[in-house]
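Undergrad: In the numbering used here, the protein residues as written are 575 to 712. For glycine and all other residues, C-beta sits at the position ideal for the given N, C-alpha and C.
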Ligand SMILES: [Zn+2]
Ligand SMILES: [Zn+2]
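(1) Does ligand 2 have even one heavy atom less than 6 Å from the beta-carbon of residue 685?
(2) In the DSSP assignment, find the beta strand (DSSP E) that holds residue 626 and state where it starts and stops.
(3) For my contact list, residue 584 and residue 698 are in at a C-beta cut-off of 8 Å; report their separation, rounded to the angstrom.
(4) What are the boundary residues of the alpha helix (DSSP H) that residue 706 is part of?
(5) Which of the three DSSP states, helix, strand or coil, is assigned to residue 699?
(6) Would you kindly report the start and end of the unbroken beta strand (DSSP E) that includes residue 651?
(7) For residue 662, tell me which candidate among 619, 580, 690 and 695 has the shortest Cα-Cα distance.
(8) Taking its Cβ as the centre, do 16 or more other Cβ atoms sit within 10 Å of residue 650, making it buried, or is it exposed?
(9) Could you tell me which of 705, 701, 706 and 664 sits nearest to residue 691, measuring between CA atoms?
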């Protein structure tokens with residue numbers, strides 16, 4: 575087998591594998607999408623990690639979430655301070671009896687101590703916000 579034949583064979587195999595993988599991914603993702611959940615910007619509170627990324631949260635799952643970078647259960651919703659623009663993880667106590675809005679106000683910005691901060695929007699949410707005027711959404 576010369577090298578060009580080899581490349582073609584590899585390509586054909588690769589395409590086949592990708593096709594099969596996406597076929598199964600599509601089939602498998604269907605029931606997952608029916609599960610209630612949302613994409614959110616998360617931030618890891620682990621000082622050795624502190625990464626920020628977009629992750630999928632299944633509805634009803636209380637923080638902390640498992641960080642996809644360090645694998646520790648130290649990921650929280652990322653918040654943006656409205657005063658100093660600092661981004662920090664919203665470390666909330668696990669209390670399912672409290673509504674989320676109440677939990678949000680129990681923490682201050684670690685940079686400036688402000689209590690005015692908002693959830694960091696995902697890329698998709700940012701796009702939506704650019705498209706539509708913000709007034710439509712409360
Ligand atoms: Zn981490
Ligand atoms: Zn701040």
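TA: According to the structure shown:
(1) Locating residue 685 in the chain shown gives position 111, where the first residue counts as 1. Answer for residue 685: yes, Cβ within range of ligand 2.
(2) In the chain shown, the residue the question calls residue 626 occupies position 52. First-last of the beta strand (DSSP E) with residue 626: 626 to 632.
(3) By 1-based counting over the chain shown, the position of residue 584 is 10. By 1-based counting over the chain shown, the position of residue 698 is 124. The pair is not a contact, with the Cβ atoms about 35 Å apart (cut-off 8 Å).
(4) As a first step, residue 706 must be located in the chain shown, where it is residue number 132. Counting along the chain, residue 706 falls outside any alpha helix (DSSP H), and DSSP gives it neither H nor E.
(5) Stepping through the chain shown from its first residue, residue 699 is reached at position 125. Three-state DSSP puts residue 699 in a helix.
(6) Position 77 of the chain shown holds residue 651. Start and end: 649 to 655.
(7) Here residue 662 corresponds to residue number 88 of the chain shown, with the count starting at 1. Looking at 619, 580, 690 and 695, the one whose alpha-carbon comes closest to that of residue 662 is 619.
(8) One-based indexing of the chain shown puts residue 650 at position 76. Counting of Cβ neighbours within 10 angstroms places residue 650 among the buried residues, the total reaching 16 or more.
(9) Along the chain shown, read from residue 1 onward, the residue named residue 691 stands at position 117. Ranked by Cα distance from residue 691, the first of 705, 701, 706 and 664 is 664.
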